[in-house]
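Take a look at the structure below.
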Amino acid sequence: MKIAILREQAAGERRVSGTPETVKKFKALGAEVAVEAGAGLTASIADADYAAAGAAVGDRAATVAGADIILGVQGPAPDSITGAKPGAWIAAGLNPFGDRARVDAYAAAGFEALAMEFMPRITRAQSMDILSSQSNLSGYKAVLDAAYEYGRAFPMMMTAAGTVSAAKCFVMGVGVAGLQAIATARRLGAQVSATDVRAATKEQIESLGAKAIFVEKVAGIEGEGAGGYATEMSDEYKAAQAELVSSHIAKQDIVITTALIPGRAAPRLITDAQIASMKPGSVIVDLAVEQGGNVEGAVAGEVVERHGVKIVGHRNVPSRLAADTSALFARNLYNFLSAFWDKEKNAPVLDDEIGNAIRLTQGGKVVNERLLG
229 MKIAILREQA AGERRVSGTP ETVKKFKALG AEVAVEAGAG LTASIADADY
279 AAAGAAVGDR AATVAGADII LGVQGPAPDS ITGAKPGAWI AAGLNPFGDR
329 ARVDAYAAAG FEALAMEFMP RITRAQSMDI LSSQSNLSGY KAVLDAAYEY
379 GRAFPMMMTA AGTVSAAKCF VMGVGVAGLQ AIATARRLGA QVSATDVRAA
429 TKEQIESLGA KAIFVEKVAG IEGEGAGGYA TEMSDEYKAA QAELVSSHIA
479 KQDIVITTAL IPGRAAPRLI TDAQIASMKP GSVIVDLAVE QGGNVEGAVA
529 GEVVERHGVK IVGHRNVPSR LAADTSALFA RNLYNFLSAF WDKEKNAPVL
579 DDEIGNAIRL TQGGKVVNER LLG
């Protein structure tokens, strides 16, 4: 059983799908591990560290040759892994809705593509969930990016020359990233408030010491779909939310938006008119910018200014903390494969619940129901 860890080819991707820690663990299971030279350099991991952990370090062709399982942060180009075994697994973040052509190419090449972002949100799969592990650090980094762009201090400071008021930070969307953003902003001393369409998050917001901002007296606004993800809301709710947000956002110094709906464009949370109501020098960080953006006027990969307000739209935020996000991503992959490792076969054997959820291609065909509907 050969596991290949590749150097990422996507522009701006600094993470790596395996670390010396996980190499050692895979070796302990009985697997052979090969790592492409330079794979970990942008995540502060030298080739010598992989070699010391027991991996064979070589060029891409040698790394892929005869591989049973190929690991990636983002899915490798199908024509770059032609030396792998027929039916080899590709376990990575595969962006199935955004890059369907690549999924089709995996099927045509006979690979079994496993989309780690389709991991079901069930208790036994929590340690395998790349979305949660990466979003956690994205929420943290969003606050740091806001602090960098914001021209004032976060905490209240009392000095002989006078008092500096605490920054007011509003987090929109309270999933994993939003909760970490709340906690980080609180640690930096900001006055934090937050909102979400899912009523169940109110208690979570308040448990972190933030103020919950919720629409009241609108029927049917639970807003929680399968697996804990947000769902599209009714027009009545959207109108009520827009009115509430408009009055609240005008008082904020920092706004962080994190709202995503799987398989759909990111919902629009902040309009140009709402941006115009904010104080000059305020900052908005849009973590959903690559999926269309929560903020009108946000530009992927840029920091732009509208009405005196900076709108931060960094791409691939987890990659901006590559060492830590790589460590977590690699553990997610190890936890996934080791959970299904059959010692007699010296290979992982997926069960139906998780296998059917994440398997995109098999036997030369696209087989995932979410892509066939």
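The numbering used here puts the first residue of the sequence shown at 229, with every later residue one more than the last.
For every residue, glycine included, the Cβ atom is placed at its ideal position computed from N, Cα and C.
Everything numeric in this text was worked out from a predicted model, so none of it was measured.
Around the Cβ of residue 254, a 10 Å sphere holds 16 or more other Cβ atoms; the residue is buried.
For residue 322 and residue 379, the gap between their C-alpha atoms comes out near 38 Å.
Distances from the CA of residue 563 to each of 236, 242 and 250 were compared; the closest alpha carbon is that of 250. A distance below 6 Å between beta-carbons, with the five flanking residues on each side excluded, links residue 529 to the following residues of its chain, in chain order: 543. Below 8 Å, too few C-beta pairs join the segment 385–398 and the segment 427–434 to call them touching: fewer than three. Cβ contact annotation for residue 413 (same chain, cutoff 6 Å, sequence separation greater than five): 371, 397 and 420, in chain order. Put simply, the segment 330–337 touches the segment 582–597. At least three CB pairs are less than 8 Å apart. Rounded to the nearest whole angstrom, the C-alpha separation of residue 444 and residue 258 is 56 Å. Residue 237 counts as exposed, since fewer than 16 other beta carbons sit within 10 angstroms of its beta carbon. Here DSSP, grouped into helix, strand and coil, assigns residue 273 to coil.
Beta-carbon to beta-carbon, residue 318 and residue 341 are separated by about 5 Å, close enough to satisfy the 8 Å threshold. In the same chain as residue 266, and ignoring 5 residues on each side of it, the C-beta atoms closer than 8 Å to its own belong to 235 and 275, in chain order.
DSSP, reduced to helix, strand and coil, places residue 347 outside both helices and strands of the structure shown, so it counts as coil. By the Cβ-count criterion, residue 385 is exposed, with fewer than 16 other Cβ atoms from all chains shown falling within 10 Å of its own Cβ. With contact defined as three or more Cβ pairs closer than 8 Å, the segment 470–483 and the segment 507–516 are in contact.
Separation of the CB atoms of residue 366 and residue 545 is rounded to 4 Å, and the pair is thereby assigned contact status at 8 Å. Pairing residue 308 with residue 288 gives a Cβ-Cβ distance under 9 Å. Going by DSSP, residue 252 is part of the alpha helix (DSSP H) stretching over 248–257. Remark: C-beta atoms of residue 576 and residue 585 do not approach each other more closely than 9 Å.
In this structure, the alpha-carbon of residue 273 lies about 18 Å from that of residue 560.
For the set 522, 541 and 580, the Cα lying nearest the Cα of residue 531 is the one of 541. In this structure, the CA atom of residue 487 is about 10 Å from the CA atom of residue 523. The residue from 492, 503, 369 and 418 with its alpha-carbon nearest to that of residue 324 is 492.
When only Cα atoms are considered, residue 472 and residue 442 end up about 8 Å apart.
Contact between residue 296 and residue 280 is absent: CB atoms are separated by about 23 Å, not below the 8 Å threshold. Buried is the label assigned to residue 242, since at least 16 other Cβ atoms lie within 10 Å of its Cβ. For residue 356, same chain residues with a beta-carbon under 6 Å away, outside a window of 5 residues either side, are 347, 560, 563 and 564 in chain order. Nearest in C-alpha terms to residue 490, of all of 547, 435, 403 and 551, is 403. Here residue 342 carries a strand assignment [DSSP, helix/strand/coil]. If you look at residue 245, you'll find it isn't in any alpha helix (DSSP H); DSSP assigns it neither H nor E. Straight-line spacing of the CA atoms in residue 245 and residue 268 works out to 9 Å.
Counting every other CB atom within 10 Å of its CB across the protein chains shown gives residue 387 a total below 16, marking it as exposed. Distance from the CA of residue 326 to the CA of residue 389, rounded to the nearest whole angstrom, comes to 54 Å.
In this structure, residue 290 keeps its C-beta atom at 9 Å or more from the C-beta atom of residue 283.
Here residue 533 carries a strand assignment [DSSP, helix/strand/coil]. The segment 298–382 contains, as complete alpha helix (DSSP H) runs of 4+ residues, the segments 328–337 and 358–377 (chain order).
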